[in-house]
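Numbers 0 to 472, taken from numbering that gives the first Met the number 0, label the letters of the sequence shown in order. Each residue gets a CB set at the ideal place from its N, CA and C atoms; glycine is no exception. What follows is one structure encoded as structure tokens, with my remarks underneath.
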Amino acid sequence: MANQRMLGFVHTAQRMPDKRPATERRQDFAEIYARFSDERANEQANRCSQCGVPFCQVHCPVSNNIPDWLKLTSEGRLEEAYEVSQATNNFPEICGRICPQDRLCEGNCVIEQSTHGAVTIGSVEKYINDTAWDQGWVKPRKPSRELGVSVGVIGAGPAGLAAAEELRAKGYEVHVYDRYDRMGGLLVYGIPGFKLEKSVVERRVQLLADAGVIYHPNFEVGRDASLPELRRKHVAVLVATGVYKARDIKAPGSGLGNIVAALDYLTTSNKVSLGDTVEAYENGSLNAAGKHVVVLGGGDTAMDCVRTAIRQGATSVKCLYRRDRKNMPGSQREVAHAEEEGRGVHLAGRPGRLHRRQRGHRRARRAHPSGRGRRHRPPNPAGDRGVGVHRPGRSGHQGARLRAGGSARPVRRGGAEGHPLGHAAGRPPQQDDQPGGRVRRRRHRARRLAGGVGHPRRPRRGGGHPRLRQGEG
């Protein structure tokens, strides 16, 4: 096996892992793909052409050394493949599941462009890292020495956890504060189980705890402690809260009710799947069972809502998107999964207005498609068509820093909210919103924070961030 040559794409076709039938998938929230067998993973990794300029790596948000671990996998050197995979990514087994590879690494694979079909990079990445967990190769990153100073991280999502792991490995005592009862943020509450089973997140969270990261669940800044109090307690504070406020629909009738933000809907569904009792689900306000549902948007969050509503037993589910299918911002695989599971995706259907019908129903009006690609269409009330709904849901949220009152503004480089010890690591607007991109930025932010903190008795002055000694306000 070690002598096996690459370039297998010339005689081996692309094959994805086995996928559960749509009729079966509709009945539960389990992941839809099986893991590659050893033989299949070797076969598919061997299809890599080992390009001189690896465009898969160029288009990977974390710049994974993809050709290297594909070659190691094809040679059966899986432990080495795992070491290369985790060197650039804090959550490789998670990104292998949820990243839209068809738009990133696989979409830019050279043999995909030559019509041979891309290497199944994401599935091989999942295989490598799941195997590493099974074999016990994944170990907590404990520091070689303790620095004797602590850092606070506000938010236990992918931003906070990635930064926490990097800082802990450098010797800081890391405290992670989160308002929820489980660590993981949107990995737990925002992404449905059919894309990412929560046991995968839980073992990663436990790994960080084994490394010495200290968690503070059910902790809300402003209620349990103020930000100045946390600043006095720690030598530095990293704000990694993300943004939970959705963008409003700019259409008449958007405030009529029965219109909910996608994240509120998905969070409720995930809590129920985890065994929690949620009043909004029990009383039907955030439960799609027996309802006609319309989802506005064309990204991955929209497809998550569509597929969740299907599993909850919605009478019908429609997805309206203002542009054509080619310009949908989400993964085309996710759209295909939604269509396989039996519901319609209506493209070029920007909502014009929403208005009441009898017995409390809402009716969404949409204009005819214009066929002009990504250009916005002006509203055309004379050409509106009606879509009957019980529960329209809106998808889409963007990273920004919250102002008082709930509005948002972009995160700028430097301190968070002007605090000298605050460092922001959220999801800035106009940046790559994929999980890998967030991991890359948090790793970078952790390095900048660690470089700026220094030792409390010999603080470093000047540079990109203000510095303060431990205990200073």
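Quiz item: Between the C-alpha atoms of E82 and K317, what's the straight-line distance to the nearest angstrom?
Solution: So the alpha carbons of these two residues sit roughly 43 Å apart.
Check: Under a three-way DSSP split, which group does D383 fall into?
Finding: For D383, the predicted structure reports a pLDDT of 44, less than 50, and the residue's modelled location is therefore unreliable. A value from the coordinates is still provided. Three-state result, D383: coil.
message = DSSP has S149 in a bridge; who is on the other side?
response = DSSP, once it has assigned bridges, lists E172 as partnering S149.
Could you name the residues of the same chain whose beta carbon sits closer than 8 Å to that of V199, not counting the 5 residues immediately before and after it, in chain order? The residues are E92, I93, R96.
Inset, instruction - Return helix, strand or coil for K249, following the three-state DSSP convention. - result: Coil at K249, not helix or strand.
Hey, could you find the ends of the alpha helix (DSSP H) S225 is sitting in? S225 -> no alpha helix (DSSP H), and no H or E assigned at all.
Who are K18's beta bridge partners in DSSP? Y32.
Query - Check whether C104 and I127 have beta carbons under 9 Å apart - result: Going by C-beta atoms, C104 is not nearer than 9 Å to I127.
TODO: Could you tell me the boundaries of the beta strand (DSSP E) in which H215 lies?
DONE: Secondary structure note for H215: its beta strand (DSSP E) is the uninterrupted segment 213 to 215.
message: Assuming V238 is part of the alpha helix (DSSP H), what are its boundary residues?
response: From DSSP, V238 is part of no alpha helix (DSSP H) but of the beta strand (DSSP E) over 235 to 238.
- Could you give the distance in angstroms between the alpha-carbon of Y179 and the alpha-carbon of F218? Approximately 7 Å, taken between the alpha carbons.
Practice item. Might you give, ordered along the chain, the residues of its own chain that have their beta carbon closer than 6 Å to the beta carbon of R19, omitting 5 neighbours on each side? Key: Taken in chain order, the residues that qualify are I31.
Measuring alpha carbon to alpha carbon, tell me which of R181, A235, V118 ends up nearest R39.
Check the Cα spacing between R39 and each of R181, A235, V118: the tightest is with V118.
What is the DSSP secondary structure of R167, counted as helix, strand or coil?
Three-state result, R167: helix.
Once you ignore the five residues that flank A163 on each side, which residues in its own chain have a CB closer than 7 Å to its CB? V152, V173, V175, L207, V212.
Measure the beta-carbon distance from T307 to L265 and round it to whole angstroms, keeping in mind my assumption that it falls under 8 Å.
-> T307 to L265, Cβ: 6 Å. Contact.
TODO: Could you name the residues that DSSP lists as bridge partners for V109?
DONE: The partner list for V109 (beta bridge, DSSP) is empty, contrary to what the question assumes.
>> Tell me which residue opens and which closes the alpha helix (DSSP H) that W68 is part of.
In response: Start and end: 65 to 73.
*How should S84 be labelled, buried or exposed, when 16 other C-beta atoms within 10 angstroms of its C-beta is the threshold for buried?*
The Cβ neighbour count for S84, taken over all protein chains shown within 10 Å, is at least 16; the residue is labelled buried.
Problem set entry | L226 versus G256 - alpha carbon distance | Distance between the alpha carbons of L226 and G256: 35 Å.
### Query
Count the other CB atoms within 10 Å of the CB of G252; is the residue buried (16 or more) or exposed (fewer)?
Counting every other CB atom within 10 Å of its CB across the protein chains shown gives G252 a total of 16 or more, marking it as buried.
- Proximity of R16 and S122 at Cβ, strictly below 9 Å: The sequence given here places Pro at residue 16; Arg does not occur at that position. With a cutoff of 9 Å on beta-carbon distance, P16 and S122 are scored as near each other.
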